[in-house]
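Accompanying notes for the structure given below.
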Amino acid sequence: MREDNMAVLYHHVRTALSDEQCRARYLEEKAARLLGLHSAVIAGFTVLVLIASSLFVPPQHAIAWLALIAVTLTYLGLMSAWSFLFRLLRPSDMYGVHLPNNWLEDMKQKGANDNLHLAVVRCYETWQLLQQSNQHKNALLTKAYHEIVFSAWLIAISLLLLLAANYLVADV
-9 MREDNMAVLY
1 HHVRTALSDE
11 QCRARYLEEK
21 AARLLGLHSA
31 VIAGFTVLVL
41 IASSLFVPPQ
51 HAIAWLALIA
61 VTLTYLGLMS
71 AWSFLFRLLR
81 PSDMYGVHLP
91 NNWLEDMKQK
101 GANDNLHLAV
111 VRCYETWQLL
121 QQSNQHKNAL
131 LTKAYHEIVF
141 SAWLIAISLL
151 LLLAANYLVA
161 DV
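Going letter by letter, the sequence shown gives residues -9 to 162 in my numbering.
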């Protein structure tokens, strides 16, 4: 391949790699923000449950049983989403081009076109790994979103059942 064609190819692959690196950082920043917000929601819900625990622990009527089940399912959903977010933030070393220890000697021995070809290959390999990692992270983020939505509905149901249990206790 001609050197100018190889330079265009290198520029294209390098741009794709840079875009994929930006996407990886975006996914991790989004997960970190969500994790912080999600942790605050878990803490707030825990405080609310501790305050209202006398209404449904031990369960004495059907509404208290439903409230206990809803609170338990809510915690399961919250912890599941938390787990997905933590897994998304797992440290990775796929952000840069991996160079072997002898890459400088190899570069000195080869011509400019071979060096450019080697750079294209290394960038492309790194791009492939990073793209696979980003697809996995995106899948985890999507699962976390689904769990968060599910948990939000369960929080609403739990709060309604706690209110109902409060009225039942107040009437007795």
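C-beta: ideal position from N, C-alpha, C; glycine also. None of the values given here were measured: they were computed from a predicted structure.
Under the three-state reduction of DSSP, which class applies to Q11: helix, strand or coil? Taking the sequence shown and counting its residues from 1, the one referred to as residue 11 is at position 21. Here Q11 sits in helix by DSSP.
Using three-state DSSP, classify R80 as helix, strand or coil. For the purposes of this step, residue 80 is taken as residue 90 along the sequence shown, with counting starting at 1. Note: R80 maps to coil in three-state DSSP.
Taking the alpha carbon of A71 as the reference point, which residue from V47, I32, Q50 has its own alpha carbon closest? Position 81 of the sequence shown, counting from 1, holds the residue named residue 71. For the options V47, I32, Q50, the alpha carbon positioned closest to that of A71 is the one of I32.
Buried or exposed by the 16-neighbour rule on C-beta atoms within 10 Å, applied to C113: As a first step, residue 113 is located in the sequence shown; it is residue number 123 there, counting from the start. It is buried - the Cβ of C113 has at least 16 other Cβ atoms within 10 Å.
Neighbourhood of F74 by C-beta, 7 Å cutoff - its chain only, sequence neighbours within 5 removed: To locate residue 74, count along the sequence shown from 1; it is residue 84. Taken in chain order, the residues that qualify are L130, K133, A134, E137.
Can you tell me the Cα-Cα spacing of P48 and I41, whole angstroms? Here the question's residue 48 lines up with position 58 in the sequence shown. Here the question's residue 41 lines up with position 51 in the sequence shown. Distance from the CA of P48 to the CA of I41, rounded to the nearest whole angstrom, comes to 14 Å.
Which of the three DSSP states, helix, strand or coil, is assigned to H51? Position 61 of the sequence shown, counted from the first residue, corresponds to residue 51. It is coil, neither helix nor strand.
Given a cut-off of 7 Å, decide if L108 and Y0 are closer than it, judged by their beta-carbon atoms. Stepping through the sequence shown from its first residue, residue 0 is reached at position 10. Stepping through the sequence shown from its first residue, residue 108 is reached at position 118. The answer is no: Cβ separation not under 7 Å.
Let me know if W117 comes out buried or exposed under the rule of 16 or more other beta-carbons within 10 Å of its beta-carbon. By one-based count along the sequence shown, residue 117 stands at place 127. It is buried - the Cβ of W117 has at least 16 other Cβ atoms within 10 Å.
Using CA coordinates, which residue listed in A160, L158, Y157, L152 is at the minimum distance from I59? Against the sequence shown, residue 59 aligns to sequence position 69. Considering only alpha carbons, the answer is L152.
Is it true that the CB of L66 sits closer than 7 Å to the CB of N156? In the sequence shown, the residue the question calls residue 156 occupies position 166. In the sequence shown, the residue the question calls residue 66 occupies position 76. No. Outside cutoff.
Assigned secondary structure, N105 (DSSP; H/G/I helix, E/B strand, else coil): As a first step, residue 105 is located in the sequence shown; it is residue number 115 there, counting from the start. In this structure, N105 counts as helix in the three-state DSSP scheme.
I'd like to know whether the C-beta atoms of K127 and L17 end up nearer to each other than 7 Å. Here residue 127 refers to the residue found at position 137 when the sequence shown is read from its first residue. Here residue 17 refers to the residue found at position 27 when the sequence shown is read from its first residue. Yes; because the gap between Cβ atoms is below 7 Å, this pair is in contact.
Same chain, Cβ closer than 8 Å to L79, neighbours up to 5 away in sequence not counted: As a working mapping, residue 79 is identified with position 89 in the sequence shown. So the qualifying residues of the chain are E18, A21, A22, L25.
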